[in-house]
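Asker: Quick note, this note's numbering runs 432 ahead of the 1-based positions in the sequence shown.
From the three backbone atoms N, C-alpha and C, an ideal C-beta is built for every residue, glycine too.
Sharing a structure with you now.
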Amino acid sequence: MNRVLIAGTSSGCGKTTVTLALLAAFRKRGLDLCSFKCGPDYIDPIFHRELMGLQTRNLDPFFLDTEGLNRSLLTQNGHELAIIEGVMGYYDGLGSTTNASSYEVALKTKTPAILVMQANGMSASAGAIMRGFKSFKRDSGIKGVIFSGLNDKMYPHMKKLAESAGLLQLGFLPKHEELVFPSRHLGLATDYDKAELQRRLGLLGELAERSIELDGVLELAASAPPLPELEPEPEKPRHRVRIAVSRDEAFCFLYEENLLALEALGCELAFFSPLHDVSLPQGAGGLYLCGGYPELYAAQLSANSSMLSEIRHAISSGMPTVAECGGFMYLHKRLDGHAMVGAIPALAFETKSLKRFGYITLRAEKDSLLCKKGDELRSHEFHYWDSTDSGEGFTAVKASGNTLYPCVHTGETLYAGFPHLFFPACPEAAERFAAKSQEYAAAHGFAASQGDLT
Numbered sequence: 433m434n435r436v437l438i439a440g441t442s443s444g445c446g447k448t449t450v451t452l453a454l455l456a457a458f459r460k461r462g463l464d465l466c467s468f469k470c471g472p473d474y475i476d477p478i479f480h481r482e483l484m485g486l487q488t489r490n491l492d493p494f495f496l497d498t499e500g501l502n503r504s505l506l507t508q509n510g511h512e513l514a515i516i517e518g519v520m521g522y523y524d525g526l527g528s529t530t531n532a533s534s535y536e537v538a539l540k541t542k543t544p545a546i547l548v549m550q551a552n553g554m555s556a557s558a559g560a561i562m563r564g565f566k567s568f569k570r571d572s573g574i575k576g577v578i579f580s581g582l583n584d585k586m587y588p589h590m591k592k593l594a595e596s597a598g599l600l601q602l603g604f605l606p607k608h609e610e611l612v613f614p615s616r617h618l619g620l621a622t623d624y625d626k627a628e629l630q631r632r633l634g635l636l637g638e639l640a641e642r643s644i645e646l647d648g649v650l651e652l653a654a655s656a657p658p659l660p661e662l663e664p665e666p667e668k669p670r671h672r673v674r675i676a677v678s679r680d681e682a683f684c685f686l687y688e689e690n691l692l693a694l695e696a697l698g699c700e701l702a703f704f705s706p707l708h709d710v711s712l713p714q715g716a717g718g719l720y721l722c723g724g725y726p727e728l729y730a731a732q733l734s735a736n737s738s739m740l741s742e743i744r745h746a747i748s749s750g751m752p753t754v755a756e757c758g759g760f761m762y763l764h765k766r767l768d769g770h771a772m773v774g775a776i777p778a779l780a781f782e783t784k785s786l787k788r789f790g791y792i793t794l795r796a797e798k799d800s801l802l803c804k805k806g807d808e809l810r811s812h813e814f815h816y817w818d819s820t821d822s823g824e825g826f827t828a829v830k831a832s833g834n835t836l837y838p839c840v841h842t843g844e845t846l847y848a849g850f851p852h853l854f855f856p857a858c859p860e861a862a863e864r865f866a867a868k869s870q871e872y873a874a875a876h877g878f879a880a881s882q883g884d885l886t
């Protein structure tokens, strides 16, 4: 697979805009593309999928080992070009280490990296930064640089500095007010005018065609070594059951890999909208309420009383349910003063600041839907809202190892909490969810095979 990783000197340096510009330009050239995102990010992949129609996966070394990262890349083998967008600064990982960084992804997948650098307000100092990034690790993998927010007048000077730092000079992306993309909480906003953003992407692609050395990027991507040959994964147990999965404007944060993991177990996914639908999909044996922005649609969610009542009844009747972050908030008695499902007798409220952000390991305090007491699940949290009762079914341990706190409401048929799960990192949890859902479906006389589901 021809592939390249778009790295950044820091968050906010322009790597997302450069990534979108490259994808737009190469799509205009007619290349068969796919994309990947480093780290626990939902929003950038949403843009890649919904605005460009690309197959997108997450490459997260906190959840995946070397084989897992390469196996994820191999799922898209056959495309002409894969563009991997980094996260934060290239070397930024857990604490002061490079663990779980974009650098670790590049290293373990042998992917050449292009550094995106915002050089405004600098001259010779930019050379020091480029040299520092390239030489910080002997095997840095950084091969080239693209400057963001630069103008034509300054680029010749930056080219010389890049050359002296031993980097390919792959062009620049000038600042353009019309091409600013809306953002919220460290990511692109999801409540956007799709037609308007398609127009901006078209302009961004044209700008990249003029100012970025696209042929040089393609040559660098072609220099990536072949992906390793891996043994086929063992056969999974099959669970013929329908899983209802939330998907609309309010509930849009969900790893595609989680859905693929459930499908690999034989589950049929039935998408529904807590905002717009009046009932759950017929014959569902399990319920997956993903994250998103329910707080932006609290009044509409509250007004959909038939859906609230049906989900409340489904959970009380024992339907296996996984509810993450926004989905967990939706299950509360009230969200920002609006009545919600009420399966969790607590209030969800805004805090104005980021709460419990980062990677964690969940240790089960008792047997529950997804695991047995003492089992561990790798997870992450990212939310500006909190609950008067976050649960105590698990103890969360920060990746640094020095912060512990209780979280998640659990039961024989329930996982409901702020932490997000990544099923490829905990396949046994997905299998337990699928098996329990099949049991529920059988007990309620629902179809036992996909061929009978209607």
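#1: Here's the rule: buried if 16 or more other CB atoms are within 10 angstroms of the residue's CB, otherwise exposed. What is Gly634?
#2: Verify whether the separation of the beta carbon atoms of Phe703 and Gly758 is less than 8 Å.
#3: Please name the residue or residues paired with Gln601 in a DSSP beta bridge.
#4: Looking at Pro713: is its Cβ nearer than 8 Å to the Cβ of Arg674?
#5: Quick check: the Cα distance between Leu618 and Ser443, rounded to an integer number of angstroms?
#6: Do you know offhand how far Lys868's Cα is from Met590's?
#7: Indicate whether Ala771 and Leu763 have their beta-carbon atoms separated by less than 8 Å.
#8: Would you mind sorting Pro726 into buried or exposed? The rule is 16 or more other CB atoms within 10 Å of its CB.
#9: Ignoring anything shorter than 3 residues or poking outside the segment 536-563, list the beta strand (DSSP E) runs there in chain order.
#10: Where does Gln870 land, buried or exposed, given buried means 16+ other C-beta within 10 angstroms?
#11: Could you tell me the alpha carbon to alpha carbon distance between Gly637 and Phe479, rounded to whole angstroms?
#12: Name the DSSP bridge partner or partners of Phe781?
#13: Measure the Cβ-Cβ separation of Ala716 and Ala656 and say whether it is below 8 Å.
#14: Do Leu437 and Ile516 have their CB atoms nearer than 8 Å?
#15: Going along the chain, which residues of its own chain have a beta-carbon closer than 8 Å to the beta-carbon of Ala696, five neighbours each way excluded?
#16: Considering only the alpha carbon of each residue, which of Leu652, Gly564, Tyr816 lies closest to Leu602?
#17: Taking only the alpha-carbon atoms, compute the straight-line gap between Lys542 and Glu661 and give it to the nearest angstrom.
#18: Give me the residue from Leu486, Ala873, Ser749, Ser811 with the minimum Cα distance to Ala514.
#19: Quick one: using the 10 Å Cβ neighbour count with 16 as the cut-off for buried, is Glu813 buried or exposed?
#20: Thinking just about the alpha-carbon of each residue, which of Thr845, Ile792, Ser785, Ser832 is nearest to the one in Asp818?
#21: What runs of the alpha helix (DSSP H), each 4 residues or longer, lie entirely inside the segment 448-512?
#22: By the three-class DSSP mapping on this structure, what secondary structure does Ser678 have?
#23: Could you give the DSSP three-state label for Tyr729: helix, strand or coil?
#24: Is it buried or exposed, Ala862, if we count other Cβ atoms within 10 angstroms and call 16 or more buried?
#25: On a CA-only basis, which of Asp709, Ala627, Asp571, Phe855 is nearest Val537? Give me that one, please.
#26: Skipping 5 residues on each side, what residues in its chain have a beta carbon closer than 7 Å to that of Arg503?
#27: Considering only their Cβ atoms, is the gap separating Leu846 from Thr753 smaller than 8 Å?
#28: When burial is assigned at 16 or more other CB atoms within 10 Å of the CB, is Asp584 buried or exposed?
#29: Express the C-alpha separation of Gly774 and Leu885 in angstroms, rounding to a whole number.
#30: For the beta strand (DSSP E) containing Val773, list its first residue and its last residue.
#31: Could you tell me whether the Cβ atoms of Asn552 and Glu689 are closer together than 8 Å?
#32: Answer yes or no: do Phe494 and Tyr522 have a C-beta to C-beta separation smaller than 8 Å?
#33: So, at 7 Å on beta carbons, what are the nonlocal neighbours of Val450 in its own chain, with the 5 sequence-adjacent residues on each side left out?
#34: What are the boundary residues of the alpha helix (DSSP H) that Val649 is part of?
#35: Measure from the alpha carbon of Met554 to the alpha carbon of each residue in Leu802, Tyr587, His815, Phe781, then state which is nearest.
#36: Any contact of the segment 731-745 with the segment 791-798, i.e. 3+ C-beta pairs under 8 Å?
Answerer: Here's the rundown:
#1: Translated into the one-based positions of the sequence shown, residue 634 becomes position 202. By the 10 Å Cβ count, Gly634 comes out exposed.
#2: Counted from its first residue, the sequence shown places residue 703 at position 271. Counted from its first residue, the sequence shown places residue 758 at position 326. Not a contact, by the Cβ cut-off of 8 Å.
#3: In the sequence shown, residue 601 corresponds to position 169, counting from 1. DSSP lists Val577 as the beta-bridge partner residues of Gln601.
#4: Taking the sequence shown and counting its residues from 1, the one referred to as residue 713 is at position 281. Taking the sequence shown and counting its residues from 1, the one referred to as residue 674 is at position 242. Contact flag set, yes.
#5: Within the sequence shown, residue 618 is the residue found at index 186, counting from 1. Within the sequence shown, residue 443 is the residue found at index 11, counting from 1. At Leu618 the pLDDT is 40, less than 50, meaning the model places this residue with poor confidence; the figure from the coordinates comes in the next sentence. Leu618 and Ser443: Cα-Cα distance of roughly 8 Å.
#6: Counted from its first residue, the sequence shown places residue 868 at position 436. Counted from its first residue, the sequence shown places residue 590 at position 158. Their backbone Cα atoms lie some 59 Å apart in a straight line.
#7: Sequence index remark: in the sequence shown, residue 771 carries index 339 (1-based). Sequence index remark: in the sequence shown, residue 763 carries index 331 (1-based). Judged by beta-carbon spacing, Leu763 lies beyond the 8 Å limit of Ala771, meaning their Cβ atoms are not closer than that value.
#8: Residue 726 sits at position 294 when you count from the first residue of the sequence shown. Buried, since its Cβ has 16 or more Cβ neighbours within 10 Å.
#9: Segments of the beta strand (DSSP E) lying fully in the segment 536-563: 545-550.
#10: Along the sequence shown, one-based indexing puts residue 870 at 438. Burial call: buried.
#11: Within the sequence shown, the letter at position 205 stands for residue 637. Within the sequence shown, the letter at position 47 stands for residue 479. Taken atom to atom, the span from the alpha-carbon of Gly637 to that of Phe479 is near 15 Å.
#12: Along the sequence shown, one-based indexing puts residue 781 at 349. Phe781 is bridged by DSSP to Asp818.
#13: For this step, residue 716 is matched to residue 284 along the sequence shown. For this step, residue 656 is matched to residue 224 along the sequence shown. Inclusion of Ala716 and Ala656 in the CB contact set at 8 Å is not warranted, their separation being larger than that value.
#14: For the purposes of this step, residue 437 is taken as the residue at position 5 of the sequence shown. For the purposes of this step, residue 516 is taken as the residue at position 84 of the sequence shown. Yes; because the gap between Cβ atoms is below 8 Å, this pair is in contact.
#15: As a first step, residue 696 must be located in the sequence shown, where it is residue number 264. Only Lys668 meet the Cβ criterion.
#16: As a working note, residue 602 is residue 170 in the sequence shown. Looking from the CA of Leu602, the closest CA among Leu652, Gly564, Tyr816 belongs to Leu652.
#17: For the purposes of this step, residue 542 is identified with residue 110 of the sequence shown, where counting begins at 1. For the purposes of this step, residue 661 is identified with residue 229 of the sequence shown, where counting begins at 1. Put simply, the backbone Cα of Lys542 is about 14 Å away from that of Glu661.
#18: As a working mapping, residue 514 is identified with position 82 in the sequence shown. The residue with the shortest Cα to Cα distance from Ala514 is Leu486.
#19: Against the sequence shown, residue 813 aligns to sequence position 381. Counting Cβ neighbours within 10 Å, Glu813 comes out buried, since at least 16 surround it.
#20: In the sequence shown, residue 818 corresponds to position 386, counting from 1. Here the closest residue by C-alpha is Ser785.
#21: Qualifying alpha helix (DSSP H) stretches, in chain order: 475-484, 498-506.
#22: Taking the sequence shown and counting its residues from 1, the one referred to as residue 678 is at position 246. Per DSSP, reduced to three states, the secondary structure at Ser678 is strand.
#23: Residue 729 sits at position 297 when you count from the first residue of the sequence shown. Shown here, Tyr729 sits in a helix according to DSSP, grouped into three states.
#24: Sequence index remark: in the sequence shown, residue 862 carries index 430 (1-based). Label assigned to Ala862: buried.
#25: Counted from its first residue, the sequence shown places residue 537 at position 105. Taking the Cα of Val537 as reference, the smallest distance to any Cα among Asp709, Ala627, Asp571, Phe855 is reached at Asp571.
#26: Start at 1 with the first residue of the sequence shown, and residue 503 comes out as number 71. In the same chain as Arg503, and ignoring 5 residues on each side of it, the C-beta atoms closer than 7 Å to its own belong to Leu662, in chain order.
#27: Along the sequence shown, one-based indexing puts residue 753 at 321. Along the sequence shown, one-based indexing puts residue 846 at 414. Judged by their CB atoms, Thr753 and Leu846 are nearer to each other than the 8 Å cut-off.
#28: In the sequence shown, residue 584 corresponds to position 152, counting from 1. With fewer than 16 Cβ atoms within 10 Å of its Cβ, Asp584 is classed as exposed.
#29: Start at 1 with the first residue of the sequence shown, and residue 885 comes out as number 453. Start at 1 with the first residue of the sequence shown, and residue 774 comes out as number 342. A caution first: Leu885 carries a pLDDT of 43, below 50, which makes its placement in the model unreliable, though a value can still be read off. Those two C-alpha atoms are separated by around 30 Å.
#30: Counted from its first residue, the sequence shown places residue 773 at position 341. Neither: Val773 is in no beta strand (DSSP E) and is coded neither H nor E.
#31: For the purposes of this step, residue 552 is taken as the residue at position 120 of the sequence shown. For the purposes of this step, residue 689 is taken as the residue at position 257 of the sequence shown. It is not a contact, given that the beta carbons lie outside the stated cut-off.
#32: Position 62 of the sequence shown, counting from 1, holds the residue named residue 494. Position 90 of the sequence shown, counting from 1, holds the residue named residue 522. Taking a C-beta distance under 8 Å as the contact criterion, Phe494 and Tyr522 do not qualify as a contact pair.
#33: To locate residue 450, count along the sequence shown from 1; it is residue 18. The residues are Ile438, Val548, Ile578, Ser580, Leu605.
#34: Sequence index remark: in the sequence shown, residue 649 carries index 217 (1-based). Under the DSSP assignment, Val649 falls in the alpha helix (DSSP H) whose first and last residues are 646-654.
#35: Position 122 of the sequence shown, counted from the first residue, corresponds to residue 554. Ranked by how close their Cα comes to the Cα of Met554, the residues Leu802, Tyr587, His815, Phe781 have Tyr587 in first place.
#36: With contact defined as three or more Cβ pairs closer than 8 Å, the segment 731-745 and the segment 791-798 are not in contact.
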